[in-house]
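Protein chains in written order, with this note's numbering: chain S, 2 to 293; chain P, 52 to 208.
For glycine and all other residues, C-beta sits at the position ideal for the given N, C-alpha and C.
What follows is a single structure, written as structure tokens, with notes after it.
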């Protein structure tokens, strides 16, 4: 059996931060749906680690709260809670839809949005919607609080700006303006328990049938999901009825290849991403039409 | 070695046990408490064979550290039979021949039990969603969903 290992369970954020500050080589666990997979699959996952800090009992990181001009989502909010939240369904449908496609009922009951982002897989389903809604992440340590755009927080697959003494505590999402539509699309090998091959989060603000603002964020298409600015500028200031879903789909595929270069997966991902963009643009057109 | 004292209620029985912090709930149940009805399939949360109910929700016991279950209430397949009487879901699985090799069955039934405890009158789609994290390589799911549907109808009577 490996070396001694401590287990810290905190009900209090301050205490958790003190432990992080005091202890070196400590690993943090929340819902465990990535942690225990890594523990099983990577022999050296806990090598050199002296303790495990469990966050799941910290109540203050669990709620979804609507403030004046934004919504705060605690890092420990589970995917199940995202799916069922009235606030998320009303203001951020793409995020609720993304959470619904994650794993299975069992995974959604345990897995958290904070864990999904800190694990920072290129296929993390909640990341695209968070970027599309221009979410900030709040990082706390004994030294204070840092706030930065979610987009900046993830640097590379499985690599974030989180320091060893910090916890990701909350997400702050600006309340979308009236006339905002959003959707999330995904292709996996099967519907449930499938790692995303390609996904797409789209958020658009429409005024008098004209798209005033647009975010198109594919997942698993680039190392870190990012807004596709060329596609966005082709959509911005167009009438929704005049958008050409096929053309925009092809444009997105080209933009992906410009970012990633030709990879082994490119022949699959190009038509897959095109299809998702086409679907999302059609869904937007239909929603706007139905809303008239 | 630092062991952690964990208090849990398992199948209505108060348990105190000392475990290594890395121990999985699945191993505690099977190896220490002899509750071997909970199965290990994949060990990475994909097959659902280890599904138990933790504080009212279906979870994969392979993805929970036992110390995380501190003060939790856990129900395993062994906890469903009351006074020798099978749970309506267990009877229904037998009646609908929803069992072939049986390895996935405890997990299937625990996922279904968690669903019916929260939603006594689910439609077929809700049943399929509740079971989407449970793989069966023998029966082809139809009988399983039928069995859950029938058990829900019977419990509703």
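Mind checking whether residue 184 of chain P and residue 38 of chain S have CB atoms under 9 Å apart?
Within the second chain, the letter at position 133 stands for residue 184 of chain P. Within the first chain, the letter at position 37 stands for residue 38 of chain S. No, the Cβ-Cβ distance between residue 184 of chain P and residue 38 of chain S is not below 9 Å.
Within 8 Å: the Cβ of residue 163 of chain S and any heavy atom of the ligand FAD?
Summarising the ligand content, the structure contains no ligands, and the ligand FAD is consequently not present.
Determine the contact status of residue 119 of chain P and residue 76 of chain P, defining contact as a CB-CB distance below 9 Å.
The count along the second chain starts at 1 and reaches residue 119 of chain P at position 68. The count along the second chain starts at 1 and reaches residue 76 of chain P at position 25. Going by C-beta atoms, residue 119 of chain P is nearer than 9 Å to residue 76 of chain P.
Closer than 8 Å, Cβ to any Cβ of chain P: which residues of the segment 95 to 128 of chain S, in chain order?
Those residues of the segment 95 to 128 of chain S that come within reach of chain P (Cβ to Cβ, closer than 8 Å) are 104, 105, 106, 107, 108, 110, 111.
Would you call the segment 249 to 267 of chain S and the segment 223 to 232 of chain S in contact, with 3 or more CB pairs under 8 Å?
With a cut-off of 8 Å, the segment 223 to 232 of chain S and the segment 249 to 267 of chain S count as touching, because enough Cβ pairs lie within range.
Check the Cβ-Cβ distances between residue 198 of chain S and every residue of chain P, and say whether any is below 9 Å.
To locate residue 198 of chain S, count along the first chain from 1; it is residue 197. No, residue 198 of chain S lies away from the interface with chain P (no Cβ there is under 9 Å from its Cβ).
In chain S, which residues lie with their C-beta within 8 Å of the C-beta of residue 102 of chain P?
Reading the second chain from its first residue, position 51 is the one you call residue 102 of chain P. The answer, in chain order, is 107.
Keeping to the same chain, check which residues put their C-beta closer than 6 Å to that of residue 115 of chain P; ignore five residues upstream and five downstream.
Indexing the second chain from 1 puts residue 115 of chain P at position 64. Answer for residue 115 of chain P: 76, listed in chain order.
Could you spell out where the alpha helix (DSSP H) holding residue 22 of chain S opens and where it closes?
The sequence position of residue 22 of chain S within the first chain is 21, counting from 1. Its alpha helix (DSSP H) spans residues 14 to 23.
For residue 283 of chain S and chain P, any beta-carbon pair shorter than 9 Å?
Translated into positions along the first chain, residue 283 of chain S becomes position 282. For residue 283 of chain S, the answer is no, since every Cβ of chain P falls outside 9 Å of its Cβ.
Just the C-alpha distance for residue 124 of chain S and residue 171 of chain P, rounded to the nearest angstrom, thanks.
Working through the first chain from its first residue, we reach residue 124 of chain S at position 123. Working through the second chain from its first residue, we reach residue 171 of chain P at position 120. For residue 124 of chain S and residue 171 of chain P, the distance between alpha carbons rounds to 35 Å.
Using 9 Å as the threshold, is the C-beta distance between residue 149 of chain P and residue 89 of chain P below it?
The residue labelled residue 149 of chain P in the question sits at position 98 within the second chain. The residue labelled residue 89 of chain P in the question sits at position 38 within the second chain. No; because the gap between Cβ atoms is not below 9 Å, this pair is not in contact.
With C-beta atoms as the reference, is residue 87 of chain S less than 9 Å away from residue 103 of chain S?
Residue numbering aside, residue 87 of chain S sits at position 86 when the first chain is read from its first letter. Residue numbering aside, residue 103 of chain S sits at position 102 when the first chain is read from its first letter. Contact flag unset, no.
Give every residue of the same chain whose Cβ lies closer than 7 Å to the Cβ of residue 2 of chain S, excluding the five residues on either side of it in the sequence, and list them in chain order.
As a position in the first chain, residue 2 of chain S is number 1, starting the count at 1. Per-residue confidence for residue 2 of chain S stands at a pLDDT of 49, beneath the threshold of 50, marking its modelled position as unreliable; no derived number is given.
Can you find a C-beta in chain P that's less than 9 Å from the C-beta of residue 13 of chain S?
By 1-based counting over the first chain, the position of residue 13 of chain S is 12. Cβ-Cβ to chain P under 9 Å: no for residue 13 of chain S.
Tell whether a beta-carbon distance below 9 Å holds between residue 47 of chain S and residue 31 of chain S.
Taking the first residue of the first chain as 1, we reach residue 47 of chain S at position 46. Taking the first residue of the first chain as 1, we reach residue 31 of chain S at position 30. No. Outside cutoff.
Can you list, in chain order, the residues of the segment 36 to 48 of chain S whose Cβ is nearer than 9 Å to any Cβ on chain P?
Within the segment 36 to 48 of chain S, the qualifying residues are 36, 37, 38, 40, 41, 42, 47.
Going straight from the alpha carbon of residue 63 of chain P to that of residue 77 of chain S, what length do you get?
On the second chain, position 12 is the one that residue 63 of chain P refers to. On the first chain, position 76 is the one that residue 77 of chain S refers to. Using only the alpha carbons, I get a separation of about 28 Å.
Just tell me which of P:143, P:54, P:82, P:134 has its CA closest to the CA of residue 112 of chain P.
Counted from its first residue, the second chain places residue 112 of chain P at position 61. If we check each option's Cα against that of residue 112 of chain P, P:82 comes out closest.
When you compare the CB of residue 10 of chain S with every CB in chain P, is at least one pair closer than 9 Å?
Numbered from 1 along the first chain, position 9 holds the residue referred to as residue 10 of chain S. Yes - at least one Cβ of chain P is within 9 Å of the one on residue 10 of chain S.
Do we get a CB-CB distance below 9 Å when we pair residue 280 of chain S with the residues of chain P?
Sequence index remark: in the first chain, residue 280 of chain S carries index 279 (1-based). No, no contact with chain P.
Starting from the Cα of residue 245 of chain S, find the closest Cα among S:7, S:114, S:278 and give me that residue.
On the first chain, residue 245 of chain S is found 244 positions in, with the first residue counted as 1. Measuring from the Cα of residue 245 of chain S, the nearest candidate turns out to be S:278.
Throw me the rounded Cβ distance for the residue 167 of chain S and residue 141 of chain S pair, which I believe falls under 8 Å.
Along the first chain, read from residue 1 onward, the residue named residue 167 of chain S stands at position 166. Along the first chain, read from residue 1 onward, the residue named residue 141 of chain S stands at position 140. About 6 Å; that satisfies the 8 Å criterion.
Using a threshold of 9 Å, state whether the C-beta atoms of residue 57 of chain P and residue 117 of chain P are closer than that.
Residue numbering aside, residue 57 of chain P sits at position 6 when the second chain is read from its first letter. Residue numbering aside, residue 117 of chain P sits at position 66 when the second chain is read from its first letter. Taking 9 Å as the Cβ cut-off, residue 57 of chain P and residue 117 of chain P qualify as a contacting pair.
If we ignore side chains and look at the alpha-carbon of each, how far apart do residue 136 of chain S and residue 173 of chain S end up?
Mapped onto the first chain, residue 136 of chain S falls at position 135. Mapped onto the first chain, residue 173 of chain S falls at position 172. The straight-line gap from Cα to Cα measures roughly 5 Å.
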